[in-house]
Amino acid sequence: MRVKLQPLAKQVIVITGASSGIGLATAREAARRGAKVVLASRNKEALAEIERSIRAKGFEATHVVTDVSKREDIEALAAAAINAYGRFDTWVNNAGQGLYGRLDQVSDEDHRRLFDINFWGMVNGTLVAAAHLKSHGGGAIINLGSVVADVGFPVQGMYSASKHAIKGFTDAFRMEAANEGAPISVTLIKPAAIDTPFPKHAKTYLKNTPTLPPPIYLPQDVAEAILHAAVHGGRDFYIGSGGKMMSSLNKRVPKLVDWFGATFVAKQSVKHEKLNRDPEGALYEPGQDGETRGDAEGLARRSAYTKAVEHPLLAGAAMAALALTAIGLISRHNRT
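Going by our numbering, the residue at position 205 of the sequence shown is 205; the numbering climbs one at a time, nothing skipped.
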């Protein structure tokens with residue numbers, strides 16, 4: 001069934017992981033465009049300051065301290081949104097955590113904790129949000145996946161696995177919602193590397209400082225795609241042509257992508273400098289929040305591809321350009 005979504009200025013939007021990075025960029029942009037935003041994360045102090053700053057500009061916001069790995073916290077978040085604004089129209093499952101290290105280095109406890117946040121947090125949010133939306137006229141559920149839902153990355157193996165799981169769950173949930181005629185739009189956002197504090201918040205087993213492999217894009221691109229999906233729906237959105245390219249190549253020349261990952265991605269995921277912070281990151285306790293950007297100043301860029309696919313007239317040209325580039329890479333690989 002066709003789902004009718006409200007204009008952004010009429011919406012109440014719940015955003016998990018809203019105290020930094022993509023979540024914070026999305027919350028600020030949604031509020032600026034007139035939506036009422038419900039901010040959720042584990043960091044009480046950061047959330048309170050972000051709410052204050054949004055309200056100081058004349059916009060509507062409230063916050064709820066939430067550990068998404070706990071179903072009872074997600075249920076309390078939904079109840080708080082309904083208590084504050086009478087409903088919610090869009091639920092954004094953005095909360096996520098990074099973990100750097102070879103798969104045989106990382107402890108089982110850390111692997112499970114990562115899945116509790118990234119995967120089970122998204123499952124909890126989706127199911128709780130769906131129950132409300134089904135009984136209150138419908139709306140949008142937007143899950144944050146990643147390009148690593150399609151292509152695994154070395155030294156981020158379990159993170160990649162969690163994003164694969166998010167994709168599988170989101171696709172299955174979308175089918176079940178359609179099968180029962182639920183008035184819910186279900187979107188999966190697949191960012192490439194985004195300039196957020198993600199590496200700083202990640203727990204790491206590496207001796208050197210973790211970073212993101214290029215190309216790197218700005219968090220504003222992701223925020224705009226999320227808000228586009230909140231109003232217009234859509235199945236999948238890749239953020240950055242680099243991510244779309246990797247996914248496409250992985251389907252057609254997987255051995256080439258394996259070679260590239262083994263040869264380059266592992267090296268590009270760490271800096272030359274030695275680690276100079278607490279390696280625990282924010283896996284178990286909140287980190288230093290309140291920032292949207294990471295340390296890729298001068299390297300991060302806007303994605304013309306992502307902007308194009310949000311507009312149907314430009315999408316065909318963007319896809320054609322990507323296809324031509326991919327064909328060239330495949331042909332070059334076949335010749336060698």
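Every residue, glycine too, gets a C-beta built ideally from N, C-alpha and C.
Fully enclosed beta strand (DSSP E) runs of no fewer than 3 residues occupy 61-65 and 90-93 of the stretch 46-133, in order along the chain. Judged by DSSP secondary structure, Val-257 falls outside any beta strand (DSSP E) and instead within the alpha helix (DSSP H) spanning 254-260. Its chain contains Pro-154 and Val-155 as the residues whose beta carbon lies nearer than 7 Å to that of Ala-266, once the 5 sequence neighbours on both sides are disregarded; these appear in chain order. The alpha-carbon of Ala-165 is positioned some 20 Å away from that of Ala-178.
Lys-134 and Ile-184 have their C-alpha atoms some 7 Å from each other.
The alpha-carbon of Asp-116 is positioned some 22 Å away from that of Asp-278. Taking 8 Å as the cut-off, the Cβ atoms of Gly-281 and Ala-193 do not count as close. Taking each of Lys-163, Ser-41, Thr-26 and Thr-209 in turn and checking the Cα distance to Val-68, the smallest one comes out for Ser-41.
For Asp-73, same chain residues with a beta-carbon under 6 Å away, outside a window of 5 residues either side, are Thr-66 and Asp-67 in chain order.
Collapsing the DSSP output to three states places Ala-31 in a helix. Taking 8 Å as the upper bound for CB-CB distance, Leu-188 and Gly-145 are in contact here, some 5 Å apart. In its chain, beyond the 5 residues on either side, Val-3, Leu-5, Ala-140, Ser-185 and Thr-187 have a beta carbon closer than 7 Å to the beta carbon of Gly-233. Residue pairing from DSSP places Val-270 in a beta bridge opposite Pro-210.
Sorting Arg-52, Ala-48, Thr-209 and Gln-97 by C-alpha distance to the C-alpha of Glu-273 places Thr-209 at the top.
Closest in alpha carbon position to Trp-120, among Ala-81, Lys-163 and Ala-9, is Lys-163. Per DSSP, the beta-bridge partners of Lys-203 are Leu-99. Spatial neighbours of Pro-215 in its own chain (CB-CB distance under 6 Å, excluding positions within 5 residues in sequence) are listed in chain order as Gly-242. Within the DSSP secondary-structure output, Ile-239 pairs in a beta bridge with Pro-191. Residue nearest to Arg-174 within the set Leu-99, Gly-294 and Ala-130 is Ala-130 (criterion: CA-CA distance). Leu-275 is positioned such that its CB atom lies closer than 8 Å to that of Leu-206.
Restricting attention to Asp-236, Ile-54 and Gln-105, the CA atom closest to the CA of Ala-31 is found in Ile-54. Ile-13 places its beta carbon less than 8 Å from that of Phe-88. Taking the Cα of Gln-220 as reference, the smallest distance to any Cα among Arg-252, Ser-303 and Gln-268 is reached at Ser-303.
Judged by DSSP secondary structure, Leu-227 falls within the alpha helix (DSSP H) whose first and last residues are 219-232.
In the DSSP assignment, Thr-16 is bridged to Ala-40.
In the three-state scheme derived from DSSP, where H, G and I count as helix and E and B as strand, Val-186 is classed as strand. Taking the C-beta atoms as reference points, Gly-290 is found no nearer than 8 Å to Ala-27.
Looking at the DSSP output, Ile-142 shares a beta bridge with Val-92 and Thr-187. With fewer than 16 other Cβ atoms inside 10 Å of its own Cβ, Gln-105 counts as exposed.
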